[in-house]
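Residue numbers (the working numbering), protein chains in the order written: chain R, 92 to 569; chain D, 92 to 569.
Take a look at the structure below.
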C-alpha cells in the first residue's frame with residue numbers, strides 16, 4: 092500500500108496526506124461520526140486542494156483498487172462520511188477546496204467549491220445583498236458539498252426547497268477520475284438526463300462533488316415570527332392551509348411542537364420562557380418573510396391570526412415585537428433536541444408523511460407506542476410545512492436510559508417505520524441513508540426502485556470504489 | 092410479428108391496437124410529429140388503459156425485441172415522440188390513462204395519470220380553489236406525462252420552476268416491464284438516488300411515466316400585467332433585478348421582446364395594437380401575482396415602475412387596467428411566432444444563457460449573423476427571467492424562404508450554438524433533445540456527462556427498447 096500513499100503525497104503534498112504511520116497524528120476528526128455512533132479506521136486522510144488533484148487522487152486509488160470515502164464537514168447524522176474499520180479506505184476531505192469562485196448578481200447565482208462552510212456562504216452573500224436560504228443546525232461546520240451530497244433540508248425548505256432545489260450546476264469527479272464540468276448557471280437546460288439531481292443526495296456513492304452553482308435570492312425586507320397555540324394537530328394543518336393562502340410564498344417557516352416537547356424545554360431551560368404551551372396540546376411557530384417592509388409583514392400576520400382564531404384553529408397567539416424576540420422563539424424550537432438529551436436517552440426518527448395524514452399518523456402511532464411501552468413519552472415536533480416530523484421516543488420517567496435503548500430501540504424503529512410505510516411516508520426525510528439506514532431500504536423502499544439504484548451504482552462505479560456500503564448495503568442481494 | 096400484435100390485442104383489447112393491416116386506419120396522428128418535420132411508420136399503436144397493462148405491453152414487446160415509443164399528446168418540438176420509418180416500432184399512447192386519481196387539499200398535491208391533458212388539470216384544480224402553474228402554448232393538447240418526460244417549461248418557470256420542480260412522485264414502468272410505485276406526496280424524502288429527476292426529462296428513453304404526484308399552490312388573489320419600454324437589453328436585466336427585489340416571489344412573468352419581433356406582430360396583426368415599441372429597442376412584459384388583492388398588486392407594480400424610471404432602466408410603461416387588457420398584452424407576446432410564420436420561413440433556436448451574459452450574447456451574435464448574412468433579420472424574444480431566449484433568424488426581406496433555409500440553416504445553427512457554448516449556455520432550454528438534436532450532443536455536451544448518460548441508459552435499458560435514437564443518437568460511439 093505504501094506505493095499508493097507515496098503517489099497521494101506526490102499529488103497533494105506530504106502535509107495533506109495523513110496516516111496512522113505517525114503515531115502522533117490523531118485522525119479521529121475524520122474517522123469518528125458526528126453523533127459518535129461509529130468509529131472507523133482510515134488508511135489515509137487526503138486533502139487535495141483542487142479539482143484536478145481530486146481527479147488524480149481518484150485515479151490513483153482506482154488503480155490500487157482502494158475505496159474512497161468523500162467527506163465535507165463530517166456533520167452527517169447517518170454514518171455516511173466516515174470510513175469502515177478495515178483500515179483500507181482513503182478519506183477524501185474536500186475541506187481545502189473552499190473558494191467562492193464567482194458571485195453573479197444579475198444571474199442570482201454563486202459558484203462555490205465543495206469545502207465552503209455553509210455559514211460562511213450565507214454571510215458572504217448577505218454582505219453582497221443576497222440571501223442564500225439553506226439553513227440548518229450544523230451550518231457553522233457543514234460544507235456545501237456535504238449539503239448537496241446528502242440533499243440537506245433545514246428550516247427554510249417550505250419556501251425555498253431542499254439543497255437540490257437551490258442547485259443549478261455541479262462539477263463532479265467520477266469513479267473513473269474524470270471531471271464532469273457541469274457548472275451551469277442556467278434555470279432551463281433540457282439537454283439530456285439530469286445528472287445533477289442524480290449526484291445530489293447520492294451521498295458520495297456515484298461521484299465526488301467538487302463545486303456547485305447555487306441560486307441566490309434577494310434579501311427579504313422584513314422577517315417576522317409568530318407563535319400560536321392550536322387545539323389539535325388537525326387545527327395545525329388547517330392553520331398551515333390558511334397561511335399558504337394568505338401569505339403565499341411569504342410563508343417561510345411553519346414548525347409544530349407538542350406540549351410534552353415544550354414542557355421539556357421549559358423544564359431544562361426555564362430562562363427560555365416558553366409561551367402559551369401550558370393549556371394547549373400543540374404550538375406552532377410561523378415565519379413570514381416580506382419583500383416590502385415590517386409594517387406590511389405585521390399587518391399580514393395579524394390578519395392571518397385573526398382569521399385563524401375566527402376559524403377556530405388558533406386559540407391564542409403572539410407576534411414577536413423585534414428580532415430578539417423572534418430569535419428567542421426560534422431558540423425554543425431549536426432547544427427541544429437539547430432538552431431531550433438533558434432528560435435522558437431517546438430514540439430519534441426523521442420521518443416525513445403527507446401533511447394531510449399527519450394528524451392520523453401521530454394519533455395512531457402515539458397510541459400504539461403507549462400500548463407497547465407503558466409510560467413512554469413522545470417528543471413530537473418538526474417542520475410541519477414540509478410534512479417532516481422529528482418523531483422521538485423518550486424513555487419513561489425515571490427509566491434506566493441505556494437499558495431502555497437496549498430493550499426497545501430496534502423494536503421501536505420497526506414499529507415507527509412500519510407505521511410510516513402504512514401512511515405512505517419516508518423513513519428518512521432529510522438526514523439521508525448513510526450506513527445507518529442502508530440495511531433498512533430493502534424493507535421500506537420500492538423493490539423496483541432499489542433495483543434501479545443498484546443498476547445505476549453498478550453502471551457509474553462498477554468496482555464499488557466510492558463510499559461502499561453507504562446508501563446501498565454491501566450484503567443485500569443484487 | 093403477428094404473434095406480438097395478437098398478444099397486444101389480448102392485453103389492451105382489439106379496439107386499442109391499431110395497425111396498418113386495416114388500410115382504412117389512419118395512423119398519421121401518432122406517426123407525424125407536431126412541426127411536421129418527420130413522418131414515421133409504426134408497427135402498431137397501442138393504447139393501454141392501466142398501469143398493469145402498460146407493464147404487460149412492455150414485457151410482451153421486450154420478449155419480441157420490439158422497441159417502444161411512448162407518446163402523450165404528441166406536441167413535442169424535437170421529434171421525440173414519433174416512431175422511425177422502419178415499421179417495426181410500437182407507439183405506446185398513454186392517452187387513455189387520463190384519470191385524476193386524487194386531489195389532496197391539505198397536502199397541496201394531486202395524483203394524476205400520464206394521459207391527463209394539461210389544460211384539463213389546470214381547470215380541475217382551479218375549480219377546487221388551487222393553482223397548477225405549469226402553462227405553455229400546447230396546453231390544450233399536451234399531457235402531463237409528456238410534460239414530465241420532456242421537463243416542459245413555459246411562462247411560469249420564473250416563479251414555479253420547470254415541470255420537474257412541480258413533481259413530487261412518479262409511477263413508472265421500466266424497460267423490463269416492472270412497475271416502480273413512487274407516487275409519494277412528500278416534500279422531503281432522502282432514501283436513496285433521485286430516480287424521479289432521472290426519469291423526468293429523459294424523454295421516455297429510461298422508463299414510461301404512467302402517473303405522477305404534482306404540487307398545487309393557492310390561487311393568487313390578483314394577477315396584474317405590465318408592459319415597459321426599456322432602452323437596452325442591459326436595462327432589461329437591471330429591471331429584472333429590481334423586480335426580483337421589490338416583488339419577491341410575486342414576480343411570475345418577465346418576457347423580453349425585441350423591436351423587430353414586435354414590428355412583425357404589429358405588421359401582421361395590427362388589431363393587437365402593440366404598445367410603446369416604436370421608439371425603443373426592447374419591451375418587457377411583467378406579471379405580478381399577489382396573495383392579497385388587486386389594489387396591493389397595483390401599488391406594488393407602480394412603485395416598481397417608478398423606481399425603474401428613476402434608475403433609467405424603463406423609459407415608459409403601462410399597467411393593464413383589467414383582465415382583458417392583460418390578456419391582450421400576453422396575446423401580443425404569444426403572437427410573435429405566428430407573425431414570424433406569416434412573414435416567411437425562419438430558423439428557430441430555444442436557448443438559455445446566464446441572465447447576466449445575455450446582453451453581450453445578443454449583441455455579439457446579432458453582429459456575427461449580420462456580417463455573415465447580409466440583410467438577415469433577428470427575431471429576439473423570450474423568457475428573460477429564466478435566461479431563456481427564442482433566438483430566431485428570419486430570412487432577409489423578400490428572400491426566397493426555402494432557398495434561404497437550404498443555404499443557411501445548418502450553418503446558422505452551428506454559428507448560434509457555438510456562440511451559446513462560448514457563453515456557457517444550453518442549446519435546448521425547454522424543448523428537449525428528441526431525435527432532432529441528438530446528434531448535436533457530442534459537440535455541445537460535456538463528454539464525461541455524455542458518457543454517464545450512455546452508461547445509465549445501458550444499465551436501465553440494456554436492449555435499447557425504450558425510444559431508441561432519441562436523446563442519445565444511435566450512431567454515436569459508445
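C-beta atoms are modelled at their ideal positions from N, C-alpha and C, and glycine is treated no differently.
Just so it is clear, the structure is predicted and the values come from calculations on it, not from any experiment.
Separation of residue j from residue i, as counted between CA atoms
i	j	result
residue 326 of chain R	residue 372 of chain R	11 Å
residue 213 of chain R	residue 406 of chain R	36 Å
residue 531 of chain D	residue 156 of chain D	28 Å
residue 240 of chain D	residue 290 of chain D	7 Å
residue 569 of chain D	residue 126 of chain R	Low confidence applies to residue 569 of chain D: its pLDDT is 37, below 50, so where it sits in the model is not reliable, and the reading given next is rough at best. Between residue 569 of chain D and residue 126 of chain R, the C-alpha separation is close to 45 Å.
residue 563 of chain R	residue 480 of chain R	24 Å
residue 400 of chain R	residue 309 of chain R	32 Å
residue 435 of chain R	residue 515 of chain R	31 Å
residue 477 of chain D	residue 396 of chain D	20 Å
residue 389 of chain R	residue 389 of chain D	20 Å
residue 558 of chain D	residue 458 of chain D	39 Å
residue 318 of chain R	residue 499 of chain R	34 Å
residue 492 of chain R	residue 359 of chain R	17 Å
residue 376 of chain R	residue 520 of chain R	20 Å
residue 149 of chain D	residue 142 of chain D	11 Å
residue 129 of chain D	residue 522 of chain D	16 Å
residue 556 of chain D	residue 147 of chain D	14 Å
residue 301 of chain R	residue 206 of chain D	40 Å
Neighbourhood of residue i by C-beta, 7 Å cutoff - its chain only, sequence neighbours within 5 removed
i	result
residue 96 of chain R	108, 110, 135
residue 431 of chain D	355, 437, 470, 483, 485
residue 193 of chain R	201, 202
residue 255 of chain D	242, 288, 291, 292
Residue i: first and last residue of the uninterrupted beta strand (DSSP E) it sits in
i	result
residue 143 of chain R	Careful: residue 143 of chain R lies outside any beta strand (DSSP E), inside the alpha helix (DSSP H) at 142-154.
residue 504 of chain D	Element bounds for residue 504 of chain D: not the beta strand (DSSP E) but the alpha helix (DSSP H), 492-513.
residue 226 of chain R	That residue, residue 226 of chain R, is in no beta strand (DSSP E); it is neither H nor E in DSSP.
residue 474 of chain R	468-474
residue 161 of chain R	159-162
residue 324 of chain D	No beta strand (DSSP E) holds residue 324 of chain D; the alpha helix (DSSP H) holding it covers 324-338.
Close beta carbons around residue i, own chain, < 6 Å, minus the five adjacent residues each side
i	result
residue 512 of chain D	535
residue 253 of chain D	242, 244
residue 427 of chain D	352, 356, 472
residue 462 of chain D	none
residue 231 of chain R	210
Where residue i meets chain D, residues with beta-carbon distance less than 7 Å
i	result
residue 456 of chain R	The premise fails here: residue 456 of chain R is roughly 17 Å from chain D at the closest Cβ pair, so nothing lies under 7 Å.
residue 571 of chain R	Residue 571 of chain R lies beyond the stretch modelled for chain R, which goes from 92 to 569, so this question has no answer here.
residue 272 of chain R	537
residue 197 of chain R	328, 332, 446, 447
residue 253 of chain R	279
residue 309 of chain R	335, 336, 339
Cross-chain neighbours of residue i in chain R, by beta carbon under 7 Å
i	result
residue 372 of chain D	What residue 372 of chain D touches in chain R: nothing, since even the nearest Cβ is about 19 Å away.
Close-in-space but distant-in-sequence residues of the same chain around residue i (CB under 8 Å, 5 per side omitted)
i	result
residue 391 of chain R	337, 338, 341, 379, 381
residue 176 of chain R	130, 131, 132
9 Å Cβ cut-off: residues of chain D touching residue i
i	result
residue 326 of chain R	Within chain D, no residue comes near residue 326 of chain R; the closest Cβ sits about 12 Å away, beyond 9 Å.
residue 532 of chain R	282, 283
The alpha helix (DSSP H) enclosing residue i, as first and last residue numbers
i	result
residue 378 of chain D	Segment 373-381 is the beta strand (DSSP E) holding residue 378 of chain D; no alpha helix (DSSP H) there.
residue 540 of chain D	538-551
residue 533 of chain R	532-535
residue 119 of chain D	119-122
residue 251 of chain R	248-251
Proximal chain D residues relative to residue i, where beta-carbon distance stays under 8 Å
i	result
residue 291 of chain R	285
residue 443 of chain R	277, 278, 279, 280
Residues that residue i contacts on chain R, provided the C-beta gap is smaller than 8 Å
i	result
residue 147 of chain D	Residues of chain R passing the Cβ test: none, with the nearest at roughly 15 Å.
residue 265 of chain D	539, 543
Chain R residues whose Cβ lies nearer than 9 Å to that of residue i
i	result
residue 524 of chain D	281, 282, 283
residue 248 of chain D	278, 279
- Anything in the stretch 330-362 of chain D with a Cβ closer than 9 Å to a Cβ of chain R? List those residues in chain order, please. 331, 332, 335, 336, 337, 338, 339, 340, 341
- Query: What residues in the stretch 507-520 of chain R have a beta carbon less than 8 Å from any beta carbon of chain D?
  - Reply: 515, 516, 517, 518, 519, 520
- Query: Name the residues in the stretch 543-563 of chain R whose C-beta lies less than 7 Å from a C-beta of chain D; which are they?
  - Reply: 543, 544, 546, 547, 549, 550, 551, 562
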